Amino acid sequence: MGYDTLFFDGRDDSRMIATALAEGRVILTSDTQIVRRRVVTNGQLKVILISSDEPEQQMHQAINTLNLDCQFRPFAICLECNQPLLERSKQQVKDLVPPYVFQTQSRYMECPACHRIYWRGTHWQSMTEKLKKFMKS
Ligand SMILES: [Zn+2]
Numbered sequence: 003m004g005y006d007t008l009f010f011d012g013r014d015d016s017r018m019i020a021t022a023l024a025e026g027r028v029i030l031t032s033d034t035q036i037v038r039r040r041v042v043t044n045g046q047l048k049v050i051l052i053s054s055d056e057p058e059q060q061m062h063q064a065i066n067t068l069n070l071d072c073q074f075r076p077f078a079i080c081l082e083c084n085q086p087l088l089e090r091s092k093q094q095v096k097d098l099v100p101p102y103v104f105q106t107q108s109r110y111m112e113c114p115a116c117h118r119i120y121w122r123g124t125h126w127q128s129m130t131e132k133l134k135k136f137m138k139s
């Protein structure tokens with residue numbers, strides 16, 4: 003969807019909370035301890051307590067609670083580093099993508115930070131279908 007996100011593995015709640023406060027982020031968690039923290043109860047930090055274990059239900063909850071736009075800027079930023087992706091020509095990525103991809107894809111994007119190359123393959127298609135489903139419901 004193009005929203006800037008970070009993932010924390012749950013080992014260091016304090017660092018996650020400090021980062022969220024410093025960067026104005028919303029925490030999505032199923033950890034009921036976090037919502038009891040003072041920074042949350044006093045309204046300083048926004049936390050959404052995710053109620054389902056099922057990823058699509060979790061998405062629905064996040065979209066509805068935060069009033070997210072599924073078409074905000076889909077596939078515009080790097081999944082790893084949140085950097086806006088840059089258009090690359092077929093020739094520019096010739097040696098950077100698998101031969102089958104090079105033969106079948108014409109549009110490419112590159113992350114300026116981690117240099118990961120993106121293209122509209124089957125993974126992109128299935129994510130696009132999922133986003134359409136979320137928009138309808
Ligand atoms: Zn990146």
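So in our numbering, spot 58 of the sequence shown is number 60, and the numbers just go up one at a time. Quick reminder that beta carbons are idealized off the backbone N, C-alpha and C, glycines included. All values reported here derive from a predicted model rather than from experimental measurement.
*Pull up the distance between the alpha-carbon of residue 3 and that of residue 40, whole angstroms please.*
31 Å
*Since residue 115 and residue 83 are thought to touch, with beta carbons under 8 Å apart, how far apart are those beta carbons, to the nearest angstrom?*
5 Å
*Shorter than 8 Å from the beta carbon of residue 14 to some beta carbon of chain D?*
Included in the structure is just one protein chain, with no chain D present.
*Touching or not, the segment 43-54 and the segment 105-124, by the rule of three or more beta carbon pairs under 8 Å?*
no
*asked:* Going by beta-carbon coordinates alone, are residue 9 and residue 65 separated by less than 8 Å?
replied: no
*Decide if residue 56 is buried, meaning its Cβ has at least 16 other Cβ atoms within 10 Å, or exposed.*
exposed
*Chain-order list of residues whose beta-carbon lies under 7 Å from that of residue 61 (same chain, five-residue window excluded)*: 136
_Heavy atom of ligand 1 within 7 Å of residue 72 beta-carbon_ = no
*When you compare each of 33, 96, 113, 138 to residue 11 by their alpha carbons, which one comes out closest?*
33
_So, with DSSP's three-state summary, where would you put residue 31?_
strand
*Straight-line Cα distance separating residue 74 from residue 98*: 29 Å
*Quick one, which of 78, 101, 35 has its alpha-carbon nearest residue 111's?*
78
*Based on the DSSP output, what are the partners of residue 90 in its beta bridges?*
110
*Rounded C-beta distance between residue 37 and residue 23? I'm assuming under 8 Å.*
Wrong, their Cβ atoms sit about 15 Å apart, outside the cutoff.
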